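Sequential numbering from 3 applies to the sequence shown in the working numbering.
Even for Gly, the Cβ is constructed at its ideal location relative to N, Cα and C.
Keep in mind that this is a model prediction, so the values were computed, not measured.
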Amino acid sequence: MEISMKEALSEDPLRILIIVVIVVLVVLVIVGALLLGLHITQEHSEAVLQMTAKALEGEASWPARAWEEEAATFHLNAGANNPATAVYDYSKLLIGYRSWLGQACYVTRMDKDNIQGLDAITKAFQYHQGEGQDKGFSMPPGDRSTLGTTINILCSHLPIYWA
C-alpha cells in the first residue's frame, strides 16, 4: 500500500507539471495569434489611410468624399446678434457668406489644398461687409452665372460681391 501511495504522489506532480506547461503554451499561442491579428489590422488601416490621402501614383489628390453632397451649410452667430450663413460649395470650390442683417452676399474661392476654416472666413467676410457699408459697395457685383445653385439660393435677393 505504501509503494502505490508513493507512486501516486510522485506521478501527480509530474502530471500537474505537464498540464500546466500545456496550458501555458496554449495561452501563449492564443495571445500570439491575437497580437498578430492586431498588427495586421493596424497595417491595413494605415494602408487604407494612405490610399485615401494620396493617389495610387503618390500624387496628392482631393480627399474622396463618402457622401454625395456637393455643399455644406453652416449657421453662424457672427456676434452682436448678427446671425449669418456660410456655404462651402465643393463642386465649384466657392465659399459664400450671408449676414442676415447685411445688405450683400460675399463669395470667395476655396483653397482646395487648405480649406479655410469658419473663423477665418467669418473674419474676412465681416471685414468686407464693414468696408462695403462704409464705402457704399464701390466694387461691381459678381456674376451669378458663374456661381453654383447653392450660393445663388443663399444670396437670392442680394447683390453678390467677391471678397
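Assumed close pair residue i, residue j - CB separation to whole angstroms, cut-off 8 Å
{"i": "ALA86", "j": "SER101", "result": "4 Å"}
{"i": "ILE97", "j": "GLN128", "result": "Contact doesn't hold; Cβ gap of about 14 Å is too wide."}
{"i": "ALA73", "j": "ALA126", "result": "Actually they are not in contact, since the Cβ atoms of ALA73 and ALA126 sit about 19 Å apart, beyond 8 Å."}
{"i": "ILE153", "j": "VAL89", "result": "6 Å"}
Enclosing alpha helix (DSSP H) for residue i [first to last residue]
{"i": "LEU156", "result": "151 to 156"}
Range of the contiguous beta strand (DSSP E) that encloses residue i
{"i": "TYR90", "result": "85 to 91"}
{"i": "GLY98", "result": "96 to 101"}
{"i": "ILE117", "result": "Unbroken run through ILE117: none, as it is neither H nor E."}
Bridge-paired residues (DSSP) for residue i
{"i": "THR110", "result": "ILE97"}
{"i": "LEU78", "result": "ALA86"}
{"i": "ILE162", "result": "CYS107"}
{"i": "ALA73", "result": "ASP91"}
**Request:** Could I get the ranges of all uninterrupted beta strand (DSSP E) runs contained in the region 10 to 42, with 3 residues as the minimum, in chain order?
**Result:** If we require 3 residues or more, the region 10 to 42 turns out to have no beta strand (DSSP E) run fully inside it.
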